Structure formats: C-alpha cells, structure tokens
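**Student:** Sharing a structure here in structure tokens format.
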Amino acid sequence: MFVLSVLLLITAVVLFVAGRGRTPARNWRLWAWVSAAGGLLAALYACVYVVSAYEVGVPVTFGKIGSPLPSGVHFKSPFTDVTSFSTRPVDLNLNDKETVEVRSSQGGVLYADVTIKWAVVPAKAVALYRLAGSQDAIEQRLVLPDSREIVRNVFARHTSEEGYASARERIGAEIESAVKERLASRGIDVTAVNLRNVKPSEKLQEQIDKKIQQEQATERAVEASRTAKAEAERKRIEAEGTARANEIVARSLTDKVLYNQCLEAYREAARSHPVYAVPCGTGAGGTPVIVDGTKN
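So the sequence shown is numbered by UniProt numbering: it starts at 1 and just counts up by one.
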C-alpha cells in the first residue's frame, strides 16, 4: 500500500508539471489533485493497523520486533509488518489421521482420540513469534508435538485395561495436567484437554477377548467345583444323620418292643385272614401266637 501511495503522489506531481504548458490546464490539475488525494489516503492506510477483538499483534520493523499490540486501532510505520495471533481458544483435534498411537506398560497398542483447547497468552506473543512465527506454526511446532509426546508418556505408565476401561478418567486428568504445565511455560494457555475415545488395536482386542473367555471358563470351573463340594457336604451330613438315627433306633429296640410291634403287625394282617398262627418273639422259631381276625 505504501508503494501505491508513492506512485500516486509521483503521478500527481507529473500531472501538475505537464499541465502547465497545456490548455485547458483545469483537467490536468483535477487529475493531479485526485492522484494526490489517493496517494495521501493510501499512505494513511499504510500507517494504520487494526487489531481485531480477541487478537494480539506483533509488529516487526526492518527485522526488529516491537511490543505486542492489543485489540484496537494503532498507528505504525509504513515499513512495519504486523503478525496477528488469536487469543480466543481454538481446538486441536487429534483424531482420524492424527489419532495418537500409544503403548501401555504391558506393550499393548491403543489408539487415543484427544481434543486440546489452547490459546496464545497476549503477554507471551513476542516470545511465541520468535519460536514459531505464526498461529499455524505455533500449533504445528509446539502444541501438536508436545501434546502427542505427553499422551504417549502417560499411557505408558498404565496397563492396557486401565487405558481403555478402568482408569480413563484418571489418565485424562494426568494428560490435561501435564499438557497445561508444559505449554504454559511456552506462553500457551490450555483451557481443556478431552480424552474422547480409546480403542485397542486388533491384536490387543483379540488378546482381550481371549482373556475374557479364559476368565469365564475359570468362573464356570470354580462354580462347578463349589457346587460339587456343596453336594458332597450335603450327602455327608445326610449320611451322618441317617447313621445317628439308626444308632438311636438300635438302642431303643428291646425284645418286648419288637414282640409288641409283631403283634400289632399281624393283628392288622388278620383283618383279611380271620385266624392263623404266627411266630413272634426272639426265641428259637419265636412263640406261636394265634390271631383271631374276627375279634378286635
């Protein structure tokens, strides 16, 4: 823009000079004034820079870096270039092609999807300009490699099962804390780190499925053993109860008891057989008893 303003001013001077010896000179002077006004406006525009809201500007004049420019209108040298950085949080999504491949403490391979919200600290804009040079360069040279390294290091301290299931929240908190600490020292404010998804590799998934099947088979075997022990214990208790009952009965049976039970039994039988002789007792052949079924 500054070059354009110089050209327009030179053109105005040429028109003034060339219009002196020509008639009518009014048209030449008119175009000379128009060119001069355009040159002045272009020069003014080259000396004004507007930093948008949620941005910070870093001025560079002939290789010398100036102080950061906050949001608003600023006057500068026409030879000064201003690089703007956004102070509004932006998302860095590590998914799809950028998914982070990590290894657990057991060597299992997992794939982690992570979203990192980051923004430039205005007071650190000059230092970031020296490190990277632009907004995209900050993300590619600082935020991305540091975040991927931290994600891998955190997962390496945990088992595969913790990584994809039992300790995901704790791992996410560890990653967020480490990323914030690392990038804060560089002048980058990390507002949030979201561990969205963790997926085992195909080989690890096969190992997980095999482990689950083995655990289920072990549980079934343990349950079968527990059932067999319970059944054996039940039979033992039943046998002991029967033995104790037989022992009690054996102690309570005497000759008179047996003789009375014999009489009762054959009296009951005599109801269908009116009169018959039966042996009862414990002697040789027992004592013959005549049972008359016609009498009570």
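Backbone N, C-alpha and C define an ideal beta-carbon position, used for all residues, glycine too. From a predicted model like this one, the values you see are computed outputs, not experimental measurements.
Quick one: measure Cβ to Cβ for residue 199 and residue 111, integer angstroms, because I've assumed they're closer than 8 Å.
**Tutor:** 5 Å
**Student:** Do you know how far the Cα of residue 158 is from the Cα of residue 217?
**Tutor:** 27 Å
**Student:** How should residue 132 be labelled, buried or exposed, when 16 other C-beta atoms within 10 angstroms of its C-beta is the threshold for buried?
**Tutor:** buried
**Student:** How many Å lie between residue 148 and residue 115 at the Cα?
**Tutor:** 11 Å
**Student:** So, for residue 190: in the same chain, excluding its five sequence neighbours on each side, which residues have a beta-carbon less than 6 Å away from its beta-carbon?
**Tutor:** 118, 179, 180 and 183
**Student:** Looking at the secondary structure, which residues open and close the beta strand (DSSP E) in which residue 196 lies?
**Tutor:** 188-200 is the span of the beta strand (DSSP E), which, as asked, contains residue 196.
**Student:** Quick one: grab the DSSP three-state call for residue 164.
**Tutor:** helix
**Student:** To the nearest angstrom, how far is it from the Cα of residue 105 to the Cα of residue 202?
**Tutor:** 18 Å
**Student:** Taking DSSP's pairing of strands, which residues face residue 64 in a bridge?
**Tutor:** 61
**Student:** What is the residue span of the beta strand (DSSP E) that residue 95 lies within?
**Tutor:** It is not in any beta strand (DSSP E) - residue 95 carries neither H nor E in the DSSP assignment.
**Student:** Could you have a look at residue 72 and say whether DSSP puts it in helix, strand or coil?
**Tutor:** strand
**Student:** For residue 124, collect the residues of the same chain with a Cβ closer than 6 Å to its Cβ; drop the 5 residues on either side in sequence, then sort them by chain order.
**Tutor:** Excluding positions up to five away in sequence, the list reads 187.
**Student:** Span of the beta strand (DSSP E) holding residue 84?
**Tutor:** 80-86
**Student:** Roughly how many angstroms separate the alpha carbons of residue 170 and residue 65, rounded to a whole number?
**Tutor:** A straight line joining the alpha-carbon of residue 170 with that of residue 65 spans about 43 Å.
**Student:** If you draw a straight line from the alpha carbon of residue 248 to that of residue 233, how long is it in whole angstroms?
**Tutor:** 23 Å
**Student:** Taking the beta strand (DSSP E) that residue 110 belongs to, which residues open and close that run?
**Tutor:** 109-120
**Student:** Just to confirm the assignment, what range does the alpha helix (DSSP H) spanning residue 126 have?
**Tutor:** That run of the alpha helix (DSSP H) goes 125-131.
**Student:** Straight-line CA distance for residue 70 to residue 93?
**Tutor:** 28 Å
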